[in-house]
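This report concerns only the one structure given below.
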Amino acid sequence: MKRDGFGVQTKTARFAKTVVTFAQKAVAGEPAPAYRPGKEGYADWVILAIQGFKEYLGHDYRKLMDVLREMPRVAESLDLTVETLPHFSTVCARKQAIPMARWRAILDASVELYELGDVQAIDATGVDRVQASQHYAKRTDYTFEAVKTTLLIDCETSAILDIHCSMKQPHDTQIGWQVLVRNLDDLTAVAADKGYDWEQLRTRLRAEHITPLIPKRDPGFRGWARNLLIHDRGYNQRSNAESVFFGLRQRYGETLWARTWFGQFRELVMKSAVRNIERALEGSTR
């Protein structure tokens with residue numbers, strides 16, 4: 001059996017090593033010391049890694065920190081001892097201050113664990129959220145019961161390449177290009193349902209040498225023939241996006257628990273990154 005600094009290399013040990021590495025990479029420059037007494041406190045990468053453990057273990061903050069205190073090897077991976085692990089309230093509060101770019105950097109790093117295929121897919125659904133306080137909802141016009149969530153996935157590996165969240169209900173065509181343009185280097189052919197039927201989107205993808213596999217809503221005979229060709233070129237793989245949504249809900253829960261909209265966005269990004277890491281680790285043991 002493989003061994004490393006953790007001794008016997010369990011899946012949890014390998015996850016700890018990976019999520020800590022990615023959290024440190026997400027912070028530009030040399031990672032700060034895990035903990036410095038006084039005002040500076042815990043480094044951002046420590047808080048990010050603990051957020052990864054939260055999704056991996058599926059606990060609320062209070063129980064999470066109790067469990068981690070019984071896992072000295074995990075504390076060691078964070079350059080901490082069980083005695084110096086942060087209080088759950090510190091982790092909960094600090095996550096709000098860490099820029100979204102650092103959360104996305106962990107997701108980007110998790111994609112590098114995969115060799116991507118020839119077809120990617122984009123799809124959207126609503127993810128339920130816990131009800132925010134009435135004061136917060138009124139102050140922010142926060143009325144929707146679900147976060148509109150758009151995933152960009154690789155059809156061959158089911159890796160989540162990107163995620164977009166909105167508290168409003170923008171049309172799919174309005175956010176499709178916004179998601180795709182961030183990932184042009186990873187795209188070969190993009191499959192999407194008729195909700196993304198927008199000729200300008202197809203034109204933009206072709207200009208980037210990316211094949212659009214997007215059927216027309218009202219095809220006519222010529223469009224019908226083109227839709228048929230799209231199916232032959234891999235459009236049927238689009239259903240993989242629905243499978244990824246299902247797997248994300250099944251493994252990491254159907255409800256978002258953060259009370260603020262920006263907290264919920266961070267929660268979804270971390271769920272996606274942790275899913276990528278877990279699946280890559282599972283594949284490496286086969």
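full-length UniProt numbering numbers the first residue of the sequence shown as 1 and each following residue consecutively. Where is the CB? At the ideal position from N, CA and C, for every residue including glycine.
With distances taken Cα to Cα, identify the nearest neighbour of Ala23 among His59, Thr90, Lys63 and Ile98.
-> Ranking the options by Cα distance to Ala23, first place goes to Ile98.
Is it buried or exposed for Val19, if we count other Cβ within 10 angstroms and need 16 for buried?
-> Around the beta carbon of Val19, 16 or more other beta carbons sit within 10 angstroms, so the residue counts as buried.
Close beta carbons around Cys165, own chain, < 6 angstroms, minus the five adjacent residues each side = The residues are Val147, Thr149, Phe265 and Leu268.
With Ala34 and Tyr42 assumed to form a contact (beta carbons below 8 angstroms), what rounded beta-carbon distance in angstroms separates them?
-> That belief holds up - the Cβ atoms of Ala34 and Tyr42 are roughly 7 angstroms apart, short of 8 angstroms.
Could you give the DSSP three-state label for Ser158: helix, strand or coil?
-> In this structure, DSSP gives Ser158 a state outside helix and strand, which the three-state scheme calls coil.
Between the stretch 188-205 and the stretch 111-131, are three or more C-beta pairs nearer than 8 angstroms?
-> Yes, the stretch 188-205 is in contact with the stretch 111-131.
Buried/exposed call for Asp44, threshold 16 Cβ in 10 Å | With 16 or more other Cβ atoms within 10 Å, it is buried.
For residue 360, I'd like the list of residues in its chain whose CB is within less than 7 angstroms of its CB, leaving aside the five on either flank, ordered along the chain.
-> The shown model of the chain, from 1 to 286, leaves out residue 360, and the question about it has no answer.
Local conformation of Ile153 per DSSP, three classes = Assigned with DSSP and collapsed to three states, Ile153 falls in strand.
Extent of the continuous alpha helix (DSSP H) run through Val244 | Unbroken alpha helix (DSSP H) run through Val244: Ser239 to Tyr252.
With respect to the alpha helix (DSSP H) encompassing Pro72, which residues constitute its N-terminal and C-terminal limits?
-> Run containing Pro72: Pro72 to Ser77, per the alpha helix (DSSP H) assignment.
Beta-carbon spacing of Thr256, Ile230 below 7 angstroms | The sequence shown places Leu at residue 256, not Thr. No. Outside cutoff.
Three-state class that DSSP yields for Gln174 in the structure shown | Correct three-state label for Gln174: helix.
From Trp103 to Met270, what does the alpha carbon distance come to, in whole angstroms?
-> When rounded, the distance between both Cα atoms is 7 angstroms.
Could you pull the start and end residues of the beta strand (DSSP E) that Leu213 belongs to?
-> Run containing Leu213: Thr211 to Leu213, per the beta strand (DSSP E) assignment.
Taking DSSP as the reference, what is the three-state secondary structure of Tyr42?
-> Taken through DSSP and simplified to helix, strand or coil, Tyr42 comes out as strand.
State buried or exposed for Ala13, treating a residue as buried only when at least 16 other CB atoms are found within 10 Å of its CB.
-> Buried: at least 16 other Cβ atoms inside 10 Å.
Could you please give me the residues that DSSP links to Ser110 through a beta bridge?
-> Note: Ser110 sits in no beta bridge, so no partner.
If we count the other Cβ atoms within 10 Å of its Cβ and call it buried at 16 or more, is Lys54 buried or exposed?
-> The C-beta of Lys54 has 16 or more other C-beta atoms within 10 Å across all chains shown, which makes the residue buried.
To which residues does DSSP link Gln120 through a beta bridge?
-> In the DSSP assignment, Gln120 is bridged to Asp154 and Val190.
Apart from the five residues on each side of it in sequence, which residues of its chain come closer than 8 angstroms, Cβ to Cβ, to Leu184?
-> When the five nearest sequence neighbours on each side are left out, the beta carbons in the same chain lying within less than 8 angstroms of the beta carbon of Leu184 are those of Glu208 and Ile210, in order along the chain.
Specify the secondary structure class of Val27 as computed by DSSP and reduced to three states.
-> If DSSP states are grouped into helix, strand and coil, Val27 belongs with coil.
Name the two residues that bound the continuous alpha helix (DSSP H) containing Tyr61.
-> Per DSSP, Tyr61 belongs to the alpha helix (DSSP H) from Tyr61 to Leu68.
Helix or strand or just coil, what does DSSP make of Met270?
-> The three-state secondary structure of Met270, taken from DSSP, is helix.
Gly263, DSSP secondary structure in three states = The answer is helix: DSSP assigns Gly263 an H, G or I state.
Whose CA, out of Asp186, Ala258, Arg251 and Thr260, lies closest to the CA of Ser272?
-> When C-alpha distances from Ser272 are compared across Asp186, Ala258, Arg251 and Thr260, the shortest belongs to Arg251.
Could you say which of Asp108, Glu83, Val91 and Asp66 lies nearest to Thr21 if we only look at CA atoms?
-> Proximity to Thr21 across Asp108, Glu83, Val91 and Asp66 peaks at Asp108, based on C-alpha coordinates.
Residues near Leu57 by beta carbon distance below 8 angstroms, same chain, minus five either side = Contacts found: Leu64 and Val67.
Secondary structure of Val147, DSSP reduced to three states = Of the three classes helix, strand and coil, the one that applies to Val147 here is strand, per DSSP.
Thinking C-alpha only, which one of Gln174, Met100, Glu156 and Ala280 is nearest Gly263?
-> Nearest of Gln174, Met100, Glu156 and Ala280 to Gly263, Cα basis: Met100.
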